[in-house]
């Protein structure tokens with residue numbers, strides 16, 4: 024089994040990433056399908072594909088990559104099957120971290136997952152070829168075909184089942200969404216003293232370097248890690264004066280101390 | 024007023040950083056003083072200084088930089104004044120983010136703060152010349168002298184008073200110590216599925232790039248930011264199965280949604 028042609032449903036960040044990276048690696052994208060006709064045009068131009076709004080699609084014989092939000096996967100599949108007057112797709116791949124491969128089973132005999140592990144932005148031309156891609160299928164031959172596509176765009180391809188992928192996505196929420204929220208709160212505190220967040224850049228970059236080099240548990244520093252209750256109380260008082268974030272400061276400090284205490 | 028010679032009290036991360044960076048920029052370090060005689064020797068060698076244990080110091084006529092922990096500043100000053108049989112130091116600089124310049128007033132007529140804004144490691148040879156340095160004095164001429172030293176080792180020198188510096192330090196706790204704790208929890212979740220934390224590196228680096236480029240508030244993504252309660256409930260269930268971190272997940276998600284809701 025070889026995947027010779029791909030179509031992409033969607034016109035968001037993931038669809039733009041895939042269109043660019045497939046084009047760059049000479050993987051033929053046949054159609055781009057989306058409700059958003061302006062974006063689908065723009066996207067199709069990037070990878071020399073045909074484009075269709077969902078109600079204008081005639082047939083889909085190739086592998087369809089669902090680059091749509093987790094909650095839209097089933098709806099888009101149902102709408103498209105109605106339009107193309109088939110019972111099932113030839114083969115499918117969804118791209119959602121938290122969604123099981125199971126949701127695709129009623130729509131195809133070849134369900135699959137193709138999950139690039141990165142925060143993607145629509146208009147970003149340059150994308151690293153080392154982005155980890157996590158893949159899953161139910162069929163060995165289909166797995167090899169998907170793996171071939173994945174290997175051609177990334178040097179970090181891993182097989183992972185749906186259950187583990189949910190944990191992976193959860194870990195990503197902590198490592199990225201939640202760490203970003205910590206920057207947001209730091210930014211707000213900087214605003215209090217009219218200091219630009221850019222003074223933090225060095226410190227943030229260094230923190231990551233240390234976490235990557237030593238492991239984040241070994242790299243942990245700060246008043247909570249060293250049990251400095253004088254500084255922590257000072258900080259809580261400043262936050263109470265600001266009228267916010269003292270509860271989250273307390274909660275995270277306790278969590279840090281809980282882990283340190285366990286060692 | 025010119026600072027012609029400096030001595031450093033301490034033999035921790037900050038003392039090593041200062042010794043290296045002063046040496047590299049031809050700032051004369053006269054003495055290194057610390058209780059830890061092995062480390063003080065090693066440190067003195069780096070910057071061609073004399074070294075003393077605290078009880079062997081005879082006199083300190085030069086500017087003394089206190090590279091000791093926040094809580095040790097007063098104690099070290101008292102011990103040294105006894106030893107050198109002076110009422111006051113000629114001039115002092117402490118290096119602590121959360122400590123007011125006021126603690127130095129009883130020890131010198133020239134109190135000052137010299138706060139390099141970075142996580143420092145003892146054995147790191149290469150240090151960026153762009154590390155922000157926040158300085159404070161009570162005296163205009165002394166300020167110029169301290170600024171001269173700071174400018175010679177960094178292109179980012181800012182004056183900041185003690186009250187604002189406390190907020191800055193608090194912001195750093197969020198941006199670095201707390202974000203690092205988020206990596207630690209991500210790491211633990213990765214351990215659950217036997218995945219190495221290194222798969223997160225790309226994502227973490229990208230998150231920072233976006234936060235720096237767009238501002239962290241604009242860069243916020245994830246299930247909490249987009250109000251995806253299905254994924255959030257899934258995640259909470261996984262954490263409850265792990266028997267930990269569901270409360271911190273909830274708290275931070277609520278905090279993210281609190282900010283989004285405000286816009």
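Protein chains in written order, with this note's numbering: chain A, 24 to 286; chain B, 24 to 286. The C-beta atom is built at its ideal place from N, Cα and C for all residues, glycine as well.
With contacts defined by Cβ atoms closer than 8 angstroms, residue 212 of chain B and residue 177 of chain B do not form a contacting pair. According to the DSSP secondary-structure assignment, residue 30 of chain B is paired through a beta bridge with B:87.
Residue state for residue 160 of chain B is assigned as strand, using DSSP reduced to three classes. The continuous alpha helix (DSSP H) containing residue 262 of chain A extends over residues 252–265.
Closest by C-alpha distance to residue 237 of chain A, out of B:256, B:231 and B:206, is B:206. A straight-line Cα-Cα distance of about 20 angstroms links residue 264 of chain A and residue 201 of chain B. If you check each beta-carbon in the segment 200–224 of chain A against every beta-carbon of chain B, the ones closer than 9 angstroms belong to 200, 201, 202, 203, 204, 205, 206, 207, 208, 209, 210, 211, 212, 213, 215, 216, 217, 218, 220, 221, 222, 223 and 224. For residue 25 of chain B, no alpha helix (DSSP H) segment is defined, and its DSSP state is neither H nor E. Against chain A, the CB of residue 76 of chain B has no partner CB under 8 angstroms away; the residue lies outside that interface. With a threshold of 8 angstroms between beta carbons, residue 238 of chain B makes contact with chain A.
Look at residue 181 of chain A here: in three-state DSSP terms it is strand.
Under a criterion of Cβ atoms nearer than 8 angstroms, no residue of chain B is adjacent to residue 63 of chain A; the nearest Cβ is some 22 angstroms distant. It is roughly 39 angstroms from the alpha-carbon of residue 273 of chain B to the alpha-carbon of residue 96 of chain B. Under the Cβ distance rule, residue 155 of chain A counts among the residues neighbouring chain B, one pair being separated by less than 8 angstroms. Per DSSP, the continuous alpha helix (DSSP H) segment holding residue 103 of chain A begins and ends at 96–107.
Residue environment for residue 29 of chain B: buried (at least 16 other C-beta atoms within 10 angstroms of its C-beta). At a cut-off of 8 angstroms between beta carbons, residue 278 of chain B contacts chain A. Here residue 81 of chain A is exposed, its C-beta having fewer than 16 other C-beta atoms within 10 Å. Burial of residue 33 of chain A is indicated by the presence of at least 16 other C-beta atoms within 10 angstroms of its C-beta. Contact between residue 84 of chain A and residue 113 of chain A is confirmed by a C-beta separation of about 6 angstroms, below the 8 angstroms threshold. Short of 8 angstroms from the beta carbon of residue 53 of chain A, and not among the five residues preceding or following it, lie these beta carbons of its own chain, in chain order: 28, 29, 30, 72, 73 and 85.
Considering only beta carbons, the part of the segment 74–108 of chain A lying closer than 9 angstroms to chain B consists of 92, 93 and 94, in chain order. DSSP lists B:73 as the beta-bridge partner residues of residue 54 of chain B.
Distances from the alpha-carbon of residue 226 of chain B to those of A:218, A:235, A:223 and A:220 put A:235 closest. Relative to the Cα of residue 51 of chain B, the nearest Cα in the group B:60, B:88 and B:62 belongs to B:88. Residue 194 of chain A and residue 185 of chain A have their C-alpha atoms roughly 14 angstroms apart. Looking from the CA of residue 245 of chain B, the closest CA among A:46, A:233, A:203 and A:47 belongs to A:203.
The beta carbon of residue 187 of chain A sits closer than 6 angstroms to none of the beta carbons in its chain outside the five residues before and after it. Distance from the CA of residue 125 of chain A to the CA of residue 230 of chain B, rounded to the nearest whole angstrom, comes to 30 angstroms.
Within chain B, the residues placing a beta-carbon under 7 angstroms from that of residue 121 of chain A are 254 and 257, ordered along the chain. Taking C-beta atoms as the reference points, residue 191 of chain A and residue 157 of chain A count as a pair closer than 8 angstroms. By the 16-neighbour rule on beta-carbons within 10 angstroms, residue 164 of chain B is exposed. Contact with chain B is absent for residue 137 of chain A, since none of that chain's Cβ atoms lies less than 8 angstroms from the residue's Cβ. Pairing residue 140 of chain B with residue 118 of chain B gives a Cβ-Cβ distance that is not under 8 angstroms.
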